[in-house]
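Letter by letter, the sequence shown follows residues 350 to 455 in our numbering.
Glycine included, each C-beta is placed from N, C-alpha and C at the ideal position.
Treat the numbers as computed from the prediction; the structure is a model and nothing was measured.
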Amino acid sequence: MDDFDDQDGMDPVFATHARARAKRPPLYRVMMFNDDYTPMEFVVATLVGLFGKTTDEAGRIALRIHRRGVGVCGIFTYEIAETKMIQVLELARENQHPLQCMIEPA
């Protein structure tokens, strides 16, 4: 008898690893909220600068934030979403804007 005990002829140790799949990490939405004081131009610039959106995409998202009160800036893994949220909040604070941003599971 040889060292392969599995019926398909594969070493059981290697068979387990071959069949295992990496689980995708959970994703989170980064959302900005409308307020009466933050200029739309600042929101657009933030979306372009921090989220890599084109000016057109950023304008559409900013308009959605203005009209609906909230808009999704992007969907990321937790660590990236949290970092983006902190960057938005710090940039808003540095520019004396009350812009609010949060993350939630996608």
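query: Within this structure, are the beta carbons of Cys450 and Met389 separated by less than 8 Å?
result: By 1-based counting over the sequence shown, the position of residue 450 is 101. By 1-based counting over the sequence shown, the position of residue 389 is 40. In this structure, Cys450 keeps its C-beta atom at 8 Å or more from the C-beta atom of Met389.
*3-residue-minimum beta strand (DSSP E) runs that sit fully inside the region 379 to 438, ordered along the chain*: Within the region 379 to 438, the complete beta strand (DSSP E) runs of at least 3 residues are 419 to 426.
Buried or exposed, going by whether 16 or more other CB atoms sit within 10 Å of the CB of Tyr427? Here the question's residue 427 lines up with position 78 in the sequence shown. For Tyr427, the number of other beta carbons within 10 angstroms of its own is below 16, and it is reported as exposed.
Would you report the Cα separation of Arg373 and Gly423, rounded to the nearest angstrom? As a first step, residue 373 is located in the sequence shown; it is residue number 24 there, counting from the start. As a first step, residue 423 is located in the sequence shown; it is residue number 74 there, counting from the start. Rounded to the nearest angstrom, the gap between the Cα atoms of Arg373 and Gly423 is 17 Å.
Original post:
Which residues in the same chain as His446 place their Cβ atom closer than 7 Å to its Cβ, once the five residues preceding and following it in sequence are excluded?
Top reply: The residue labelled residue 446 in the question sits at position 97 within the sequence shown. Excluding residues within five positions, the ones whose Cβ falls inside 7 Å are Tyr386, Thr387 and Phe391.
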